[in-house]
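Read in our numbering, the sequence shown has 202 at position 191, and its numbers run on one by one without any break.
Glycine included, each C-beta is placed from N, C-alpha and C at the ideal position.
See structure below.
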Amino acid sequence: MPYDVAFTRGLYSSLSDGWIYLNGQSAPQIPEKVSSAVATAFRTSAQIVDPEPVSGSHSRALQQGLLAGSHHVVSARKAIADLVGARPDCVFLGPNRESMVASFIRAMRRRVMRPGAGAVLTSSLSSSVYDVALDAVGVQGGIGAQGVQGPVDVRVALADLGSGYVDEHQFTDLVDGSTRLVVIPAAHSLVGTVTDVPAIAEIVRSKSRAWTLVDASMLAPYRPISFETLGVDALVVDCAAFGGPQVAALVLRDTSMLQRLEPVGGSLEHGALSSGLLGGVSAMVDHLASLGGELVGTRRRRLAGALEATATYVDELNEQLLFALQNLSHVHVVGVSGDAVDSPPPAGRIGRVSFVVPGVDADTVHRRLLNNGVVTEVNPPDRLLEAMGAQEAGGSVSVGLAPYNTAADITALARALASLG
Numbered sequence: 012m013p014y015d016v017a018f019t020r021g022l023y024s025s026l027s028d029g030w031i032y033l034n035g036q037s038a039p040q041i042p043e044k045v046s047s048a049v050a051t052a053f054r055t056s057a058q059i060v061d062p063e064p065v066s067g068s069h070s071r072a073l074q075q076g077l078l079a080g081s082h083h084v085v086s087a088r089k090a091i092a093d094l095v096g097a098r099p100d101c102v103f104l105g106p107n108r109e110s111m112v113a114s115f116i117r118a119m120r121r122r123v124m125r126p127g128a129g130a131v132l133t134s135s136l137s138s139s140v141y142d143v144a145l146d147a148v149g150v151q152g153g154i155g156a157q158g159v160q161g162p163v164d165v166r167v168a169l170a171d172l173g174s175g176y177v178d179e180h181q182f183t184d185l186v187d188g189s190t191r192l193v194v195i196p197a198a199h200s201l202v203g204t205v206t207d208v209p210a211i212a213e214i215v216r217s218k219s220r221a222w223t224l225v226d227a228s229m230l231a232p233y234r235p236i237s238f239e240t241l242g243v244d245a246l247v248v249d250c251a252a253f254g255g256p257q258v259a260a261l262v263l264r265d266t267s268m269l270q271r272l273e274p275v276g277g278s279l280e281h282g283a284l285s286s287g288l289l290g291g292v293s294a295m296v297d298h299l300a301s302l303g304g305e306l307v308g309t310r311r312r313r314l315a316g317a318l319e320a321t322a323t324y325v326d327e328l329n330e331q332l333l334f335a336l337q338n339l340s341h342v343h344v345v346g347v348s349g350d351a352v353d354s355p356p357p358a359g360r361i362g363r364v365s366f367v368v369p370g371v372d373a374d375t376v377h378r379r380l381l382n383n384g385v386v387t388e389v390n391p392p393d394r395l396l397e398a399m400g401a402q403e404a405g406g407s408v409s410v411g412l413a414p415y416n417t418a419a420d421i422t423a424l425a426r427a428l429a430s431l432g
């Protein structure tokens, strides 16, 4: 059935305030179902759960004395497992993706990341994940384009500075028998280019025994993903990236990987997790599964159908956005406009676009849009955008499309930008 954007917008009470929110890349709107679930979880997490009466010879009573908060942890693991096509016992929870990436790599260092081993990072990783990965493998300070030699040989896969796309073929030269870890993003959160993760994972498997870790936070809410289709060994997702609570998850391909890990403190999870926030994870995944309309079946099956419908809608909206921006002669779309872009990225794009207005700094552009009721974001420091020259042009502004955005939102953006020409 066709995607119903009116139905979707009705699930977000915050959209009634009159603003046009095109900042889904940094502050996506929170569904009413999620905010209600978090409020309920905070209120009830310290209460004792009354076990339901059971009957029948095969029934098993719930353990008495359990707090409601413990159920939020279990439901959060199940929800993430459904989202990425994994088992709940392969899901490890934390406050953010950076902490989960660090926990995973440090757990590898004792057995896998030994002196002489190699790691491959990608220049299109978010700056925070990139820096955390460097620190976790024991590299102090920055590294150049070709990498650095140290206890661990770190090499860098570079994104094309015209399109922002990470060419998978370079991994043939970067990965060898000594490589133990490859870290890649599923998509760039500000430029929007999608990485061909399955192709890279296949190259890694053919050339080494390395594990491939992918940051799937930007892709998970818009395209169905699974370990089978991606071909990776581990992934991280940040629920806050698509309107969920401030909870992230590290998910392993299977539990056998734990035998080769020695987590610091004996666990990949460190510190107490907020059971109140965890109470919103299942609600967030249920929300995503509801975007497909009257789908039936398991939550995983409904997610697949809903995310396919969402992806089709957002992709069409993104095409309209790119068309509108490229029709403004005074606007340069990073990774799309210019002679350096030969063709669209092979793996496509998500609904993330960054642009500059030559001669007008990003703060001024941002204020003009706000004055017209359009909410975007001045891009924070980013390695890829800086290498592509966005900072030299006075900074860039990004637009992040979400399932609740409409063609009218894009028209309002284009009209406001036209006033700068």
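What did DSSP end up calling residue i once you bin it into helix, strand or coil?
i: P196; result: strand
i: N34; result: strand
i: Q151; result: Only weak support exists for where Q151 lies, its pLDDT of 47 falling under 50; the value from the coordinates is given anyway. Reduced to three states, the DSSP call for Q151 is coil.
i: T206; result: coil
i: L396; result: helix
i: I116; result: helix
i: T240; result: helix
i: R88; result: helix
i: G434; result: Nothing can be reported for residue 434, as the shown portion of the chain is limited to 12 through 432.
i: V186; result: coil
i: D178; result: coil
i: H341; result: coil
i: D93; result: helix
i: V215; result: helix
i: V60; result: coil
i: E280; result: coil
Compute the Euclidean distance between the alpha carbons of residue i and residue j, then round it to the nearest angstrom.
i: L368; j: R216; result: Before going further, note that residue 368 is Val rather than Leu in the sequence given. Approximately 43 Å between the Cα atoms of the pair.
i: N383; j: S110; result: 38 Å
i: Q157; j: V165; result: Low confidence applies to Q157: its pLDDT is 45, below 50, so where it sits in the model is not reliable, and the reading given next is rough at best. Rounded to whole angstroms, Q157 to V165 spans 9 Å at the Cα level.
i: A48; j: S348; result: 43 Å
i: P13; j: K218; result: 43 Å
i: G346; j: G277; result: 43 Å
i: D178; j: I214; result: 12 Å
i: P235; j: A320; result: 10 Å
i: G370; j: V344; result: 14 Å
i: S200; j: P126; result: 33 Å
i: S286; j: S114; result: 20 Å
i: D100; j: T266; result: 7 Å
i: G188; j: D249; result: 31 Å
i: V163; j: W30; result: 49 Å
i: P391; j: L77; result: 44 Å
i: Q40; j: T19; result: 12 Å
Need the endpoints of the alpha helix (DSSP H) that residue i sits in, please.
i: T133; result: Counting along the chain, T133 falls outside any alpha helix (DSSP H), though it belongs to the beta strand (DSSP E) covering G129 to T133.
i: R426; result: A418 to A429
i: F53; result: E43 to T55
i: A17; result: V16 to R20
i: A252; result: Here A252 belongs to no alpha helix (DSSP H), and DSSP marks it neither H nor E.
i: A300; result: V292 to S301
In terms of residues, what are the limits of the beta strand (DSSP E) holding residue i?
i: L246; result: A245 to D249
i: T223; result: W222 to D226
i: L318; result: Looking at the DSSP string, L318 is not in any beta strand (DSSP E); the run it does join, the alpha helix (DSSP H), is R310 to Q337.
i: G411; result: V408 to G411
i: S102; result: For the record, residue 102 in the displayed sequence is Val; it is not Ser. Element bounds for V102: V102 to G105.
i: V262; result: A259 to L263
i: R360; result: From DSSP, R360 is part of no beta strand (DSSP E); its letter is neither H nor E.
i: A168; result: D164 to A168
Should residue i and residue j be called a contact, given that it needs their Cβ atoms to be closer than 8 Å?
i: G35; j: L396; result: no
i: P356; j: T183; result: no
i: V385; j: L94; result: no
i: L279; j: V258; result: no
i: D15; j: G405; result: no
i: H82; j: V60; result: yes
i: N416; j: L328; result: yes
i: V247; j: A260; result: yes
i: S56; j: A38; result: no
i: L272; j: M399; result: no
i: Q337; j: A418; result: no
i: V325; j: Y233; result: yes
i: A283; j: L230; result: no
i: V167; j: S134; result: yes
i: G254; j: P42; result: yes
i: P414; j: L302; result: yes
i: S237; j: R108; result: no
i: G290; j: A144; result: no
i: S407; j: S340; result: no
i: V262; j: A147; result: no
Is residue i near the ligand ATP - that is, is its Cβ less than 7 Å away from at least one heavy atom of it?
i: Q257; result: Ligands in the displayed structure: none, and consequently the ligand ATP is not present.
request  = Say whether the region 235-244 touches the region 214-226, bearing in mind that this needs 3 or more beta-carbon pairs closer than 8 Å, one atom from each stretch.
outcome  = yes
Contact the region 281-301 vs the region 83-97: 3+ CB pairs below 8 Å = yes
inquiry  = Is it the case that the region 179-194 contacts the region 125-143, given that we only count it when at least three CB pairs across the two stretches are under 8 Å?
reply    = yes
key: the region 15-27 / the region 372-383 touching (three or more Cβ pairs under 8 Å)   = no
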